[in-house]
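Structure first, then comments.
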Amino acid sequence: MKIFNAKQIYEADKFTIDKQRITSEQLMERAAIQIFNWMHSRMQGAQAKIHLFCGIGNNGGDGLVLARYLQDHDYNIEVFVVNYSEHRSKDFLINLDRLKEKGVWPNFLNEESELPDIGKEDIIVDAIFGIGLNRVPDEWVIGLMQHLNNSKAFVLSIDMPSGLFMEAGLPNTEGVIKANYVLAFQVPKLVFFLPETGKYVDHWEVLDIGLDQEFLFKLKSHYELIGKNEVLSMYIPREKYSHKGSYGHSLIVGGSYGKIGAVVLASKGSMLAGSGLVTAFVPKCGYLPLQTALPEAMVLTDNEEVEISKIDFDMLPSVIGIGVGMGTTATTVKAFSDFLKGNKLPLVIDADGLNILSKNQDLFKVMPPQTVLTPHPKELERIIGKWADDFDKLKKAKEFSEKYDCILVIKGANTITVYRDMGYVNTTGNPGMATGGSGDVLTGIITGLIAQGYSALNAAIFGVYIHGKAADIAVEKCGFQALIASGILDNIGKAYLDLFQVSEPDAATGESEQ
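The sequence shown lines up with residues 1 to 514 when you count with UniProt numbering.
Encoded structure:
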């Protein structure tokens, strides 16, 4: 699913209005009906108090149309107009008059108004600001937002939580609505998935408001949301008359005294992802642990007992995953540097491999094209430098990817894979993955996918999805706190099977659950 910016959404609105020969007010009506239908199907006329806070632009107009439908169906509503400016949109004014004709007179709030009483059992509809907000709200509006957040009432935001900017970070974190649920028009917003802004969105859902599908299909976006449908198109099925050599040979290089487990996890991840053969290259101290923990893998050892001193092997792997548990001693740094300068094979670099690169940035220039780097936030900062906000981080990541022709897997709650000017936002995964070894498993999975013939980019996107889905399946039985990296490994097979599972039809509606 594509993720568009504000300018593109406005273009889609305008194109739809022109093509379908409707007015902007009719499009607003269509959008608000969808919100009403969503609420009505869940509330079924329940008389919980609904407080609608409407701005004076088109987002507020959506709220006014919604109020009219709620009133028509005898819901218990109170409408507030947040008077933050003298300028009002045309469609807001049209729908304000229509609401008054229904006998509903909103309360107009300004900086001198008393804040309304809201019970924790009430419902708040947030329609104050939409996607066009580009400045910090006035102090009194921020005070209102804090009052709404502190009320403990259920907050439903229209399109996006008021106070978030579509394409910038947050200069004032207090001036943002904390939404329990967001109903987004037509497409999700990038801010739903970024660490600094995603925390203001507990749950979200897309409502189809009838924007022209052909226009949206042709419109190029710079971010894509990755779900099951997107990765299914990447999946490479196995042929009946194939053998282990058909699915490549992964080499996992890493480990040091006390950190051999990282190589075990990565090697097993590569094998469970489907690599035909897996070899681990470790210091001598890793020989017995690898042979014992993973008998399916082959093991090569360095001449040194506790660290990697020279990366030398007499085989030709399809791909090399390097860095997990490797350490950053002077000896290992030299071995890694010498290896990079002579290597032409596809690479996945993680952990200490990234830490070595960050301190020896000339080595980025000798990486093979489309090398996959898998940094967590601190490793990313060491590579691309500090950033002002998440949008600046993504801008710098794209510039770095372009400069070195590499793929960055930016790990987080919604891991984002960046290649040149595109970002791919993952939808699987959970807080239980915040555990040691989880990243090592991901390195192995991506390495194993490249070994099988997936392009480096598809391997990164697909691998991140499978890794997160395996964790999602695991926590259903163990919970977040008890999830460990081995639990992710144990469910990789189930994550693959889930790709081909079809939802059972709902007995009441006959429709498949999504």
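Every residue gets a Cβ at the ideal spot worked out from N, C-alpha and C, and that includes glycine.
These numbers were taken from a predicted model, which means no experiment stands behind them.
| query | Just reading off the beta strand (DSSP E) that C54 is part of, what are its end residues? | reply | Indexing the sequence shown from 1 puts residue 54 at position 54. Where C54 is concerned, the enclosing beta strand (DSSP E) stretches over 50-54.
| said: So if DSSP puts G423 in a beta bridge, which residue, or which two residues, is it bridged to? | reply: Translated into the one-based positions of the sequence shown, residue 423 becomes position 423. G423 is bridged to Y223, V418.
| message | Taking 8 Å as the cut-off, does the stretch 419-439 touch the stretch 453-470 (at least 3 CB pairs, one atom from each stretch)? | response | The stretch 453-470 vs the stretch 419-439: in contact.
| task | Would you please verify whether the beta carbon of L251 is less than 8 Å from any beta carbon of chain D? | result | Protein chains in the displayed structure number just one, and chain D is not present.
| message | On a Cα-Cα basis, can you pick out the residue from F339, P369, V182 that is closest to R130? | response | The residue you call residue 130 lines up with position 130 of the sequence shown. In the sequence on display, residue 130 carries Gly and not Arg. For G130, the nearest C-alpha among the options comes from V182.
| field | Contacting residues, own chain, Cβ-Cβ under 8 Å from A485 (five flanking each side not counted) | value | By 1-based counting over the sequence shown, the position of residue 485 is 485. When the five nearest sequence neighbours on each side are left out, the beta carbons in the same chain lying within less than 8 Å of the beta carbon of A485 are those of L265, T435, G436, G437, S438, D440, V441, in order along the chain.
| request: Note the first and the last residue of the continuous beta strand (DSSP E) segment covering T443. | output: The sequence position of residue 443 within the sequence shown is 443, counting from 1. Not the beta strand (DSSP E): T443 falls in the alpha helix (DSSP H), residues 438-451.
| said: Among D138, L190, K189, A184, whose alpha-carbon lies nearest the alpha-carbon of G175? | reply: Your numbering for residue 175 matches position 175 in the sequence shown. The residue with the shortest Cα to Cα distance from G175 is D138.
| said: Could you compute how far the alpha carbon of F108 sits from the alpha carbon of N83? | reply: Here residue 108 refers to the residue found at position 108 when the sequence shown is read from its first residue. Here residue 83 refers to the residue found at position 83 when the sequence shown is read from its first residue. Looking at the two C-alpha atoms, the distance is approximately 7 Å.
| For H467, three-class secondary structure by DSSP | Within the sequence shown, residue 467 is the residue found at index 467, counting from 1. Helix.
| What number of angstroms, rounded off, separates the C-alpha of S221 from the C-alpha of F215? | One-based indexing of the sequence shown puts residue 221 at position 221. One-based indexing of the sequence shown puts residue 215 at position 215. Distance between the alpha carbons of S221 and F215: 12 Å.
| field | Beta-carbon proximity list for H203, same chain, < 6 Å, skipping 5 on both sides | value | The residue you call residue 203 lines up with position 203 of the sequence shown. Answer for H203: Y181, listed in chain order.
| task | Specify the secondary structure class of W204 as computed by DSSP and reduced to three states. | result | Your numbering for residue 204 matches position 204 in the sequence shown. Strand.
| message | In this structure, how does DSSP classify N134 when only helix, strand and coil are distinguished? | response | Working through the sequence shown from its first residue, we reach residue 134 at position 134. Coil, per DSSP.
| query | Which same chain residues, not among the five before or five after Y404, have their C-beta less than 6 Å away from its C-beta? | reply | Sequence index remark: in the sequence shown, residue 404 carries index 404 (1-based). Cβ neighbours of Y404 beyond the five flanking positions: F364.
| said: Using the three-state DSSP reduction, which class does N110 fall into: helix, strand or coil? | reply: Residue mapping note: residue 110 aligns to position 110 of the sequence shown, counting from 1. When secondary structure is reduced to three states using DSSP, N110 falls in the coil class, being assigned neither helix nor strand.
| field | 8 Å Cβ cutoff met for S24 and G57 | value | Here residue 24 is taken as the residue at index 24 of the sequence shown, counted from 1. Here residue 57 is taken as the residue at index 57 of the sequence shown, counted from 1. In this structure, G57 does not lie closer than 8 Å to S24 by Cβ.
| field | Terminal residues of the beta strand (DSSP E) in which E402 lies | value | On the sequence shown, residue 402 is found 402 positions in, with the first residue counted as 1. Annotation: E402 is outside any beta strand (DSSP E); the continuous alpha helix (DSSP H) that includes it extends over 390-404.
| Is the distance from the Cβ of F400 to the Cβ of I384 below 8 Å? | Your numbering for residue 400 matches position 400 in the sequence shown. Your numbering for residue 384 matches position 384 in the sequence shown. With respect to I384, F400 sits close: the two C-beta atoms are nearer than 8 Å.
| request: Please work out which residues of its chain come closer than 8 Å, Cβ to Cβ, to residue 517, disregarding the five sequence neighbours upstream and downstream, and give them in chain order. | output: Given that the chain is displayed from residue 1 to residue 514, the structure contains no residue 517 and the question cannot be resolved.
| task | Let me know if E307 comes out buried or exposed under the rule of 16 or more other beta-carbons within 10 Å of its beta-carbon. | result | Against the sequence shown, residue 307 aligns to sequence position 307. Per the 10 Å Cβ criterion, buried.
| query | Count the other CB atoms within 10 Å of the CB of L316; is the residue buried (16 or more) or exposed (fewer)? | reply | By 1-based counting over the sequence shown, the position of residue 316 is 316. The residue is exposed, with fewer than 16 neighbouring Cβ atoms inside 10 Å.
| task | Go through the stretch 236-293 residue by residue and report every complete run of the beta strand (DSSP E) that reaches 3 residues or more, in order. | result | Runs of the beta strand (DSSP E) inside the stretch 236-293: 249-253, 277-282.
| said: Measuring straight from C-alpha to C-alpha, what distance separates V409 and M160? | reply: Locating residue 409 in the sequence shown gives position 409, counting from the first residue. Locating residue 160 in the sequence shown gives position 160, counting from the first residue. One C-alpha to the other measures close to 26 Å.
| query | Using DSSP with H/G/I as helix, E/B as strand and the rest coil, what is S233? | reply | Numbered from 1 along the sequence shown, position 233 holds the residue referred to as residue 233. For S233, the three-state secondary structure derived from DSSP is coil.
| Through-space distance from P375 to D481, alpha-carbon basis | To locate residue 481, count along the sequence shown from 1; it is residue 481. To locate residue 375, count along the sequence shown from 1; it is residue 375. For clarity, residue 481 is Gln in the given sequence; the question names Asp instead. Going from the Cα of Q481 to the Cα of P375 covers about 23 Å.
| query | Using the C-alpha atoms, what's the distance from G132 back to G60? | reply | Residue 60 sits at position 60 when you count from the first residue of the sequence shown. Residue 132 sits at position 132 when you count from the first residue of the sequence shown. Straight through space, the alpha carbons of G132 and G60 are spaced by roughly 12 Å.
| request: Please report the Cβ distance between L373 and L394, rounded to the nearest whole angstrom; I am assuming they are in contact, meaning their Cβ atoms lie under 8 Å. | output: For the purposes of this step, residue 373 is taken as the residue at position 373 of the sequence shown. For the purposes of this step, residue 394 is taken as the residue at position 394 of the sequence shown. Their Cβ separation, rounded to whole angstroms, is 15 Å, which puts L373 and L394 out of contact at 8 Å.
| message | How far does the beta strand (DSSP E) with F4 in it extend, from its first residue to its last? | response | Indexing the sequence shown from 1 puts residue 4 at position 4. Judged by DSSP secondary structure, F4 falls outside any beta strand (DSSP E); it is assigned neither H nor E.
| query | How far does the alpha helix (DSSP H) with S24 in it reach, from first residue to last? | reply | By one-based count along the sequence shown, residue 24 stands at place 24. Taken as a continuous stretch (DSSP letters only), the alpha helix (DSSP H) holding S24 covers 24-43.
| field | Own chain residues within Cβ distance below 7 Å of Y247, not counting five before or after | value | Within the sequence shown, the letter at position 247 stands for residue 247. If the five residues before and after Y247 are omitted, its C-beta is found closer than 7 Å to the C-beta atoms of G274, S275, G276, A451, Q452, all from its own chain and listed in chain order.
| request: Could you tell me the boundaries of the alpha helix (DSSP H) in which G321 lies? | output: If you number the sequence shown from 1, residue 321 lands on position 321. Careful: G321 lies outside any alpha helix (DSSP H), inside the beta strand (DSSP E) at 319-322.
| query | How would you write the range of the beta strand (DSSP E) that E78 sits in, first residue to last? | reply | Position 78 of the sequence shown holds residue 78. Per DSSP, E78 belongs to the beta strand (DSSP E) from 77-82.
| said: Three Cβ pairs or more, each shorter than 8 Å: is that satisfied between the stretch 93-112 and the stretch 62-71? | reply: A contact exists between the stretch 93-112 and the stretch 62-71.
| task | Name the residue from Q213, G163, D314 whose alpha carbon lies nearest to the alpha carbon of A179. | result | Counted from its first residue, the sequence shown places residue 179 at position 179. Of the candidates Q213, G163, D314, the one whose C-alpha sits nearest the C-alpha of A179 is G163.
| task | Rounded to whole angstroms, what's the CA-CA distance from F193 to G412? Just pull it up for me. | result | For this step, residue 193 is matched to residue 193 along the sequence shown. For this step, residue 412 is matched to residue 412 along the sequence shown. Rounded to the nearest angstrom, the gap between the Cα atoms of F193 and G412 is 10 Å.
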